[in-house]
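Chains A and B supply the protein sequences, listed in that same order.
With my numbering as the guide, the letters of the first sequence map in order to residues 42 to 93.
With my numbering as the guide, the letters of the second sequence map in order to residues 191 to 985.
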Amino acid sequence: MSNLIYLIPIALFLGALGLAGFLWSMKSGQYDDLEGAAWRILDDDDDKPKPD
Amino acid sequence: MSCCAAGTESATELEALKTAGPSAEEMWLSSRPLGDGMRQVDLIVPGVHCGACIALLEKELPKTSGIDHARVNLSTRRVSVVFNEKAGVKTSGKTGAQISALTSENHAETVLTALGEKFKALGYPAHLPGGDEEGADPAFAELLKALAVAGFASMNVMLLSVSVWSGAEAATRDLFHWISALIAAPALIYSGRIFFRSAWGALSHGRANMDVPISLGVILAYAMSLYETITHGEHAYFDASVTLLFFLLAGRTLDHMMREKARSAVRNLVRLSPRGAMVIRDDGSRDYLALDEIEPGMRLAIAPGDRIPVDGRIVSGRSDMDFAVVNGESAPQLVEAGSLTPAGTLNLTGALVMEATRAARNSFLAEMVSMMEAAESGRAGYRRIADRASAIYAPAVHLLALGTFIGWMMVSGDWRMAMMTAVAVLIITCPCALGLAVPVVQVIAAGRLFENGIMVKDGSAMERLAQTDHVVFDKTGTLTRGQPQLINAASVAPDHLAIASRIARASRHPLSQALAAHDSAGGSLPELQVTEMPGDGVEAVSPAGDVYRLGRAAFALEGRDQGLGEAADASQVILSRNGAFMDVFLFSDQLRRGAVQAVARLNAMGIDAEILSGDRQAPVKALAAELGVSAYVAGVRPRGKVDRVKALAQAGGRPLMVGDGLNDAPALSAAHVSMAPASAADVGRMAADFVFLHESLEAVPLAIEVSRKAGSLIRQNFALAVIYNVVAVPIAVMGYATPLIAALAMSSSSVIVVLNSLRLRRKTRVENFARSTPGRIAAELITDAGPDTRLGTSA
Numbered sequence: 042m043s044n045l046i047y048l049i050p051i052a053l054f055l056g057a058l059g060l061a062g063f064l065w066s067m068k069s070g071q072y073d074d075l076e077g078a079a080w081r082i083l084d085d086d087d088d089k090p091k092p093d
Numbered sequence: 191m192s193c194c195a196a197g198t199e200s201a202t203e204l205e206a207l208k209t210a211g212p213s214a215e216e217m218w219l220s221s222r223p224l225g226d227g228m229r230q231v232d233l234i235v236p237g238v239h240c241g242a243c244i245a246l247l248e249k250e251l252p253k254t255s256g257i258d259h260a261r262v263n264l265s266t267r268r269v270s271v272v273f274n275e276k277a278g279v280k281t282s283g284k285t286g287a288q289i290s291a292l293t294s295e296n297h298a299e300t301v302l303t304a305l306g307e308k309f310k311a312l313g314y315p316a317h318l319p320g321g322d323e324e325g326a327d328p329a330f331a332e333l334l335k336a337l338a339v340a341g342f343a344s345m346n347v348m349l350l351s352v353s354v355w356s357g358a359e360a361a362t363r364d365l366f367h368w369i370s371a372l373i374a375a376p377a378l379i380y381s382g383r384i385f386f387r388s389a390w391g392a393l394s395h396g397r398a399n400m401d402v403p404i405s406l407g408v409i410l411a412y413a414m415s416l417y418e419t420i421t422h423g424e425h426a427y428f429d430a431s432v433t434l435l436f437f438l439l440a441g442r443t444l445d446h447m448m449r450e451k452a453r454s455a456v457r458n459l460v461r462l463s464p465r466g467a468m469v470i471r472d473d474g475s476r477d478y479l480a481l482d483e484i485e486p487g488m489r490l491a492i493a494p495g496d497r498i499p500v501d502g503r504i505v506s507g508r509s510d511m512d513f514a515v516v517n518g519e520s521a522p523q524l525v526e527a528g529s530l531t532p533a534g535t536l537n538l539t540g541a542l543v544m545e546a547t548r549a550a551r552n553s554f555l556a557e558m559v560s561m562m563e564a565a566e567s568g569r570a571g572y573r574r575i576a577d578r579a580s581a582i583y584a585p586a587v588h589l590l591a592l593g594t595f596i597g598w599m600m601v602s603g604d605w606r607m608a609m610m611t612a613v614a615v616l617i618i619t620c621p622c623a624l625g626l627a628v629p630v631v632q633v634i635a636a637g638r639l640f641e642n643g644i645m646v647k648d649g650s651a652m653e654r655l656a657q658t659d660h661v662v663f664d665k666t667g668t669l670t671r672g673q674p675q676l677i678n679a680a681s682v683a684p685d686h687l688a689i690a691s692r693i694a695r696a697s698r699h700p701l702s703q704a705l706a707a708h709d710s711a712g713g714s715l716p717e718l719q720v721t722e723m724p725g726d727g728v729e730a731v732s733p734a735g736d737v738y739r740l741g742r743a744a745f746a747l748e749g750r751d752q753g754l755g756e757a758a759d760a761s762q763v764i765l766s767r768n769g770a771f772m773d774v775f776l777f778s779d780q781l782r783r784g785a786v787q788a789v790a791r792l793n794a795m796g797i798d799a800e801i802l803s804g805d806r807q808a809p810v811k812a813l814a815a816e817l818g819v820s821a822y823v824a825g826v827r828p829r830g831k832v833d834r835v836k837a838l839a840q841a842g843g844r845p846l847m848v849g850d851g852l853n854d855a856p857a858l859s860a861a862h863v864s865m866a867p868a869s870a871a872d873v874g875r876m877a878a879d880f881v882f883l884h885e886s887l888e889a890v891p892l893a894i895e896v897s898r899k900a901g902s903l904i905r906q907n908f909a910l911a912v913i914y915n916v917v918a919v920p921i922a923v924m925g926y927a928t929p930l931i932a933a934l935a936m937s938s939s940s941v942i943v944v945l946n947s948l949r950l951r952r953k954t955r956v957e958n959f960a961r962s963t964p965g966r967i968a969a970e971l972i973t974d975a976g977p978d979t980r981l982g983t984s985a
């Protein structure tokens with residue numbers, strides 16, 4: 042019983058953290074372009090091979 | 191050229207290429223200020239497919255001076271470009287706010303012109319978004335947030351409930367009930383307000399919808415459980431009330447997502463009406479004005495390739511014009527000074543000056559739109575199947591719960607016990623499965639159709655299509671391609687065809703474009719100096735001094751008649767060298783791919799087909815014979831089409847109208863349900879319930895088949911929900927339902943309904959026609975619209 046006093050708040054806090062994370066990611070436009078991100082990660086930008 | 195653009199363009203994208211991109215002025219009008227002298231313009235770029243395209247566009251576009259940065263969104267195939275409207279002023283070093291205000295537009299214009307050229311040079315045709323209703327979708331965001339909150343709350347409450355069911359001792363049980371109550375209250379208020387609002391709206395108008403029993407059940411369950419918790423009772427329904435919301439919101443969100451995806455896909459198609467026009471002032475200066483600012487009497491400059499912005503009369507110039515939006519026919523007409531030009535028609539070959547005779551708000555286009563609104567009776571009388579079900583269901587549930595309460599009051603006299611049983615009845619009967627039954631099926635069916643390049647505007651369209659018993663086809667552009675095709679390519683000399691097609695590349699005339707499609711990339715031809723003679727043809731001078739002419743007989747042969755009769759039912763173009771006849775090319779409109787099969791399949795399904803065309807009797811009759819359709823009417827005006835469709839509906843039929851032109855738009859909205867190809871005029875596309883992106887007309891029977899299957903699955907789902915109620919309700923009425931039983935019954939019925947709906951994925955095979963190359967991009971455009979619409983792909 043005494044375990045519950047801190048276990049339940051922890052469980053709720055972690056759940057709320059997930060919820061807050063989801064709401065934040067939605068608000069900041071993380072889901073606007075679901076396919077572009079997968080391609081962008083492959084883009085090395087200005088990387089060039091090391092000159093000899 | 192881009193990584194993957196070559197040769198994969200669909201019909202709509204070729205159309206986009208043809209319309210030569212938005213002008214700098216149009217981009218300026220659609221851009222919006224971001225502050226600090228920056229403006230943003232959003233462009234649709236259908237050719238973006240992969241990471242290389244993103245990298246290329248985002249790297250190359252900012253190299254144009256004045257462009258700050260560009261950001262590609264691959265899911266929506268859009269590029270937002272941020273540019274500096276005062277770029278030129280800053281570099282030239284001039285000072286003074288007045289100058290910058292005056293010149294900012296001009297500088298932006300050079301920037302935007304350069305931007306348009308950059309897009310073209312990179313090989314990505316861009317166009318402006320179609321509708322005005324752009325931007326983020328607040329309703330969807332609200333639904334998603336509500337769903338997330340309900341999901342969080344239901345998971346936590348359910349976890350606590352499981353320990354209560356497993357036999358927690360009294361003190362722990364009370365504590366858990368209290369915690370559940372604390373979690374559930376804000377979740378109910380936040381997530382439930384969507385239902386409460388809708389239920390209140392219905393009640394205040396004296397109606398009942400599905401949201402009334404939902405709201406009542408959820409609120410009563412919470413209130414009763416709170417009372418139980420305060421009095422240290424054993425049973426609390428916090429879990430049921432929150433899970434209920436979660437399931438129902440999932441159904442709502444799916445439903446909304448489907449409609450939104452279809453709408454955005456339609457918006458991404460090429461827009462056919464211009465946003466403004468170049469006005470020639472009395473002093474000869476030119477101004478680009480937005481459509482609303484154009485007044486009758488103003489003179490407008492119309493370049494080849496432009497659409498006519500408002501109704502007007504030609505003042506000077508000579509050109510061929512495409513009147514397809516007016517009469518549905520693709521053969522161009524010659525216009526000269528004095529000709530009348532309705533808004534929306536396309537100038538093909540020569541520069542024109544016209545005088546506006548009417549403002550945009552009462553132009554021909556606007557007239558069509560008002561006629562459509564007047565004709566909007568076709569679907570107004572239709573009530574969605576879910577609404578019809580709830581009209582029976584809601585009162586039945588309420589009466590049952592009330593009856594249970596009264597019955598237990600009479601039997602036991604214990605109001606608390608009676609109330610608890612009544613609440614249990616409300617929860618058990620709450621239309622969870624019913625709320626999922628319709629949207630899940632429709633989302634999966636829409637996914638099926640999306641794969642085959644058919645977009646659905648909303649779920650009720652699918653229900654209406656399943657009922658259809660009669661199909662009315664437009665001819666040109668619907669049953670036929672609406673574009674002339676060279677029919678004697680085999681019989682003309684190959685070198686003549688090579689020269690003619692090379693010359694034809696310079697012209698926008700549809701016959702020239704059909705010829706230009708035969709242009710092989712071979713470089714053996716001499717460089718030609720090509721000039722277009724509007725209304726007549728094209729003239730080309732080779733370095734050797736030979737004059738080639740391609741066009742009307744009188745023009746190409748310089749008036750000499752060499753005994754060439756006019757072909758009866760085909761258009762012809764003549765190629766000559768120095769006035770001497772070389773060859774004649776014959777063109778004719780071709781049947782749309784799959785038209786014959788489509789009509790045959792419709793017949794097999796027991797659906798009659800008929801043709802209504804604005805064209806002459808002879809070609810319509812020939813086409814009807816070719817397709818095996820016995821019912822046809824030629825020479826029909828837009829009003830006549832509406833009347834015919836209405837007559838069919840009044841005779842008890844459920845007509846499906848398939849058409850593309852602006853002249854079909856009123857009939858499209860008058861019909862019980864309607865379909866349009868993606869090449870249709872803007873207004874027609876907006877009026878239609880379904881838009882098919884692929885060339886093949888087999889989309890029509892396919893859509894009907896899928897809709898019918900969806901309809902039967904929905905009925906099965908309803909039957910399942912009823913069976914579930916028949917079993918569960920007596921248990922609840924007898925008072926044997928505990929929160930555990932309620933939770934189990936509720937979830938299992940929802941799961942069964944969803945599983946049954948998923949059978950649709952297996953039931954319909956993917957049609958082959960959709961997988962052919964010309965439509966590839968379009969198919970990707972749709973299936974890539976989002977993972978959620980792809981429910982059906984991985985079967």
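From the three backbone atoms N, C-alpha and C, an ideal C-beta is built for every residue, glycine too.
Residue burial classification, residue i (beta-carbon count within 10 angstroms, cutoff 16)
i, result
"Leu740(B)", "buried"
"Asn958(B)", "Reliability of the predicted coordinates at Asn958(B) is poor, the pLDDT of 49 falling under 50, and the value obtained from them is presented with this limitation in mind. Exposed."
"Pro585(B)", "exposed"
"Ala311(B)", "exposed"
"Val262(B)", "buried"
"Glu641(B)", "buried"
"Trp80(A)", "buried"
"Lys284(B)", "Residue placement at Lys284(B) cannot be trusted, given a pLDDT of 40 that sits under 50; the coordinates are not used to answer."
"His422(B)", "exposed"
"Glu485(B)", "exposed"
"Arg606(B)", "exposed"
"Pro920(B)", "exposed"
Chain A contact residues for residue i, given Cβ-Cβ distances below 9 Å
i, result
"Ile244(B)", "Gly77, Trp80, Arg81 and Asp84"
"Ile369(B)", "Ile49 and Leu53"
"Gly241(B)", "Gly77, Ala79, Trp80, Arg81, Ile82, Leu83 and Asp84"
"Ala331(B)", "Met67 and Lys68"
Residue closest to residue i, alpha-carbon to alpha-carbon, out of the options
i, options, result
"Gly637(B)", "Gly225(B), Arg951(B) and Met723(B)", "Arg951(B)"
"Arg229(B)", "Ala855(B), Ala242(B), Ile257(B) and Leu251(B)", "Ile257(B)"
"Gln523(B)", "Val774(B), Pro700(B), Phe775(B) and Asn296(B)", "Pro700(B)"
"Leu667(B)", "Asp482(B), Ile582(B), Leu747(B) and Met865(B)", "Checking the sequence, you will find Gly at residue 667(B) rather than Leu. Checked all of Asp482(B), Ile582(B), Leu747(B) and Met865(B); the closest Cα to Gly667(B) is Met865(B)."
"Val630(B)", "Leu246(B), Phe908(B), His297(B) and Phe330(B)", "Phe908(B)"
"Asp779(B)", "Lys335(B), Pro674(B) and Arg548(B)", "Pro674(B)"
"Leu45(A)", "Ala683(B), Leu883(B) and Thr362(B)", "Thr362(B)"
"Phe745(B)", "Pro733(B), Arg767(B), Asp736(B) and Ala734(B)", "Arg767(B)"
"Val633(B)", "Ala623(B), Leu536(B) and Val646(B)", "Val646(B)"
"Gly830(B)", "Leu802(B), Pro809(B) and Ala814(B)", "Leu802(B)"
"Ser405(B)", "Ser506(B), Arg387(B) and Pro684(B)", "Arg387(B)"
"Arg783(B)", "Glu888(B), Leu903(B) and Ala815(B)", "Glu888(B)"
"Ala623(B)", "Val823(B), Phe273(B), Ser220(B) and Ser937(B)", "Ser937(B)"
Proximal chain B residues relative to residue i, where beta-carbon distance stays under 8 Å
i, result
"Leu64(A)", "Lys335 and Ala338"
"Leu2(A)", "Missing from the structure shown is residue 2(A); chain A here goes from 42 to 93 and no further."
Chain-ordered neighbours of residue i on chain B, where CB pairs are closer than 7 Å
i, result
"Leu53(A)", "Asn346"
Chain A residues whose Cβ lies nearer than 8 Å to that of residue i
i, result
"Ser265(B)", "Asp73, Asp74, Leu75, Glu76 and Gly77"
Under 7 Å by beta carbon: chain A residues contacting residue i
i, result
"Val235(B)", "The contacting residues do not exist; Val235(B) stays about 12 Å from chain A at best."
"Phe428(B)", "Chain A residues near Phe428(B): none, gap ~14 Å exceeds 7 Å."
"Val615(B)", "Here the premise fails: no neighbours, minimum Cβ distance about 31 Å."
"Val262(B)", "Gly77"
**Study point:** Secondary structure, beta strand (DSSP E): runs of 3+ residues fully inside the stretch 874 to 959 of chain B
**Key:** Runs found: 880 to 882.
Practice item. Please go through the stretch 813 to 843 of chain B and give each complete alpha helix (DSSP H) segment of 4 or more residues, from N-terminal end onward. Key: 828 to 840
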